[in-house]
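Enquirer:
In this note's numbering, the protein residues as written are 2 to 94.
This is the structure in structure tokens:
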């Protein structure tokens, strides 16, 4: 499901809301999640999962084409851990 499909689904299930209002709500939620993660905060949605940021240390990598060693800088990457309810649904429990 992509963002526009999510907005459409919410709008269909809530006919009292205008599509543009639903779009604004969904965009605000995503922007707040992104802003929180950019600050290094953890975002938890009960039953769904938790978004956090993990640091990957600098390392020596290898260019797969030439085999040459290359230095890879340290960086931060997004991380998602599923919640129990989501895991149970995916596994048919």
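Note that the Cβ used here is the ideal one computed from N, Cα and C, for glycine as well.
Checking 8 angstroms against the spacing of the C-beta atoms, do residue 41 and residue 86 come in under that value?
Expert: No, these two residues do not count as a Cβ contact at 8 angstroms.
Enquirer: At what residues does the alpha helix (DSSP H) containing residue 29 begin and finish?
Expert: 20-39 is the extent of the alpha helix (DSSP H) around residue 29.
Enquirer: Have a look at residue 28 and residue 22 and give me their C-alpha separation to the nearest angstrom.
Expert: Approximately 10 angstroms, taken between the alpha carbons.
Enquirer: Does DSSP classify residue 59 as helix, strand or coil?
Expert: Residue 59: coil per DSSP, three-state reduction.
Enquirer: Rounded to a whole number of angstroms, what is the C-alpha to C-alpha distance between residue 12 and residue 26?
Expert: Roughly 11 angstroms separates the two Cα atoms.
Enquirer: Could you check the C-alpha separation between residue 67 and residue 77 for me, to the nearest Å?
Expert: One C-alpha to the other measures close to 27 angstroms.
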